[in-house]
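Engineer:
2 protein chains.
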Amino acid sequence: MRGLAFSTPIFRQLVEFQSYTYTYILGCEKTRQAVIIDPVDKTADRDIQLLKDFDLNLVYGLNTHVHADHITGTHLLRKAFPSMKSVLSRASGGKADRLVDDGEDVQFGEQKLEVRATPGHTNGCVTYVWHELRRAFTGDSLLVRACGRTDFQEGNAAALIFIGHNYNGILQTSVLEEKNLNPRLTKTEEKFLETMENLHLAHPKQLDEAVPANMKDGEVENSS
Amino acid sequence: MRGLAFSTPIFRQLVEFQSYTYTYILGCEKTRQAVIIDPVDKTADRDIQLLKDFDLNLVYGLNTHVHADHITGTHLLRKAFPSMKSVLSRASGGKADRLVDDGEDVQFGEQKLEVRATPGHTNGCVTYVWHELRRAFTGDSLLVRACGRTDFQEGNAAALIFIGHNYNGILQTSVLEEKNLNPRLTKTEEKFLETMENLHLAHPKQLDEAVPANMKDGEVENSS
Ligand SMILES: [Fe+2]
Ligand SMILES: [Fe+2]
């Protein structure tokens with residue numbers, strides 16, 4: 001869509017229907033630089049097409065953490081956008097083109113995301129905060145009415161929270177809702193730890209394959 | 001969340017993962033009146049819970065058309081919100097508490113939706129336009145890069161379009177994109193008609209059950 005001008009930053013939320021992972025495309029409408037948050041390998045072609053539709057150049061492929069339920073799409077996106085740099089937190093212990101720490105900014109054109117360490121679900125979990133649009137991308141650190149360890153105590157109540165998963169088809173939440181309605185955020189620390197230790201959830205189906213792959217941009221080990 | 005004030009209109013997009021139907025909740029933050037667009041019977045409990053979480057009173061349950069792929073949730077939502085009125089277009093031939101025509105407004109508190117006739121997919125298809133937030137809810141009249149009969153020629157290019165379905169997990173589009181990238185909107189009328197007559201798509205699985213039920217708020221015929 002070269003020549004057709006958007007007047008505001010570009011933003012799209014996307015769903016991958018097998019792992020129910022939510023992916024986000026954010027673009028600077030002036031410089032056409034863009035980032036993608038939590039891309040999935042299975043939907044890489046869709047994401048590449050959308051970026052091209054928007055005439056965007058992908059500069060960063062960010063993951064909120066080393067996912068256990070799907071393989072990241074960063075290695076596939078890099079083939080279409082060779083200058084794309086993958087991003088993971090240093091605390092994750094994974095490999096990426098750029099390792100980030102709490103407080104760092106990730107710039108795309110005139111827009112930027114602030115990195116906030118939000119460990120709990122994994123040691124390397126980060127939340128990316130887009131101050132300009134008052135949106136936060138929490139990955140699995142905070143889900144709708146679930147999970148829970150979060151650093152939003154100082155957050156603005158109206159800020160929209162874009163989560164990494166939701167199995168009921170709820171696509172967004174807000175600080176206001178989670179502070180009041182999230183059963184895991186209204187417990188004492190002791191009760192919270194007890195709850196989290198007794199969830200007894202089954203391991204994600206793709207755990208054994210996904211975690212090692214996601215430690216290095218989604219490249220699957222070649223067994224031959 | 002009584003007593004907790006939102007400072008802007010409330011808006012949420014939701015997904016029903018079996019029919020990939022997209023449902024929308026829109027609320028007036030001042031009067032707490034709300035509407036729901038294209039609710040699904042299977043997710044009625046989720047929607048009722050969300051409306052209660054937001055301390056919203058549902059005044060209208062709107063359908064963009066008589067759906068063939070799922071049963072509307074209006075009859076279930078009315079049990080939780082007895083003053084809710086269902087809305088369908090008069091041109092649909094269906095029954096509803098309120099039948100609307102092109103150009104009419106549907107008011108919820110200080111907010112309103114304008115009804116626009118967008119026939120094609122069905123004779124009774126309408127698009128609801130939320131001018132205040134520059135958003136349009138097209139149901140199946142316009143899908144992302146697909147389907148096509150639409151009345152948006154006068155639309156603002158940046159306006160966001162919220163569609164009724166997308167099987168690739170793309171949740172929104174814009175007038176700008178569809179005018180330029182939708183293969184069905186860049187054809188001549190003759191070619192468009194030829195394409196649409198030769199799609200040879202299978203009937204939706206729930207067609208025989210859904211259409212008669214959706215002609216009257218989703219009440220399924222009792223065969224006894
Ligand atoms: Fe995770
Ligand atoms: Fe339809």
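Protein chains in written order, with UniProt numbering: chain B, 1 to 224; chain H, 1 to 224. Cβ atoms here follow ideal geometry from the backbone N, Cα and C, with glycine treated the same way.
Tell me whether the region 26–43 of chain H and the region 182–189 of chain B touch, counting them as touching only if at least three CB pairs, one residue from each stretch, are closer than 8 angstroms.
Structural biologist: Counting Cβ pairs under 8 angstroms, fewer than three are found: no touch.
Engineer: Is it buried or exposed for Leu199 (chain B), if we count other Cβ within 10 angstroms and need 16 for buried?
Structural biologist: So Leu199 (chain B) ends up on the exposed side.
Engineer: Name the two residues that bound the continuous beta strand (DSSP E) containing Ala96 (chain H).
Structural biologist: First-last for Ala96 (chain H): undefined, no H or E at that position.
Engineer: Tell me the DSSP bridge mates of Leu207 (chain B)?
Structural biologist: Partner(s): none; Leu207 (chain B) has no beta bridge.
Engineer: Assign Glu197 (chain B) to one of two classes, buried (16 or more other C-beta atoms within 10 Å of its C-beta) or exposed (fewer than that).
Structural biologist: With fewer than 16 Cβ atoms within 10 Å of its Cβ, Glu197 (chain B) is classed as exposed.
Engineer: Reducing DSSP to helix, strand and coil, say where Ile48 (chain H) ends up.
Structural biologist: Of the three classes helix, strand and coil, the one that applies to Ile48 (chain H) here is helix, per DSSP.
Engineer: Indicate whether His165 (chain B) and Thr21 (chain B) have their beta-carbon atoms separated by less than 8 angstroms.
Structural biologist: Contact: yes.
Engineer: Along the beta strand (DSSP E) that carries Phe137 (chain B), what are the first and last residues, could you check?
Structural biologist: Counting along the chain, the beta strand (DSSP E) containing Phe137 (chain B) begins and ends at 135–139.
Engineer: Check whether the Cβ atoms of Thr64 (chain B) and Tyr128 (chain B) lie closer than 8 angstroms to each other.
Structural biologist: A contact, by the Cβ cut-off of 8 angstroms.
Engineer: Ile170 (chain H) touches chain B at which residues, Cβ-Cβ below 8 angstroms?
Structural biologist: Here the neighbours are Arg12, Leu14, Arg46, Leu50.
Engineer: For the region 100–119 of chain B against the region 7–17 of chain H, do three or more pairs of beta-carbon atoms, one drawn from each stretch, fall closer than 8 angstroms, so that the two count as touching?
Structural biologist: No: fewer than three Cβ pairs fall under 8 angstroms.
Engineer: Tell me whether the beta-carbon of Ile72 (chain H) lies closer than 8 angstroms to the beta-carbon of Gly218 (chain H).
Structural biologist: Just to set this straight, residue 72 (chain H) is Thr in the shown sequence, not Ile. In contact: Thr72 (chain H) and Gly218 (chain H) (Cβ atoms closer than 8 angstroms).
Engineer: Quick one: grab the DSSP three-state call for Asn63 (chain B).
Structural biologist: Asn63 (chain B): coil per DSSP, three-state reduction.
Engineer: Identify each residue in the region 173–191 of chain H for which the Cβ-Cβ distance to at least one residue of chain B is less than 7 angstroms, and report them in chain order.
Structural biologist: Answer in chain order: Leu176, Glu177, Asn180, Leu181.
Engineer: Measuring only between beta-carbons, confirm whether Asp208 (chain H) sits less than 8 angstroms from chain B.
Structural biologist: Output row for Asp208 (chain H): interface = no.
Engineer: Look at the alpha carbon of Asp41 (chain B) and the alpha carbon of Leu77 (chain B), and state the distance between them as a whole number of angstroms.
Structural biologist: If you take the alpha carbons of Asp41 (chain B) and Leu77 (chain B), they lie about 9 angstroms apart.
Engineer: For Thr43 (chain B), which residues in chain H fall below 9 angstroms Cβ to Cβ?
Structural biologist: Chain H residues near Thr43 (chain B): Asn168, Gly169.
Engineer: Counting C-beta neighbours from all protein chains within 10 Å, is the total for Asn123 (chain H) 16 or more, i.e. buried, or is it exposed?
Structural biologist: Asn123 (chain H) comes out exposed.
Engineer: Return the CA-CA distance between Thr138 (chain B) and Leu62 (chain B), expressed in angstroms with no decimal places.
Structural biologist: Spanning the two alpha carbons is a distance of roughly 12 angstroms.
Engineer: Does ligand 3 have a heavy atom nearer than 7 angstroms to the CB of Glu194 (chain H)?
Structural biologist: What this structure holds is ligand 1 and ligand 2, not ligand 3.
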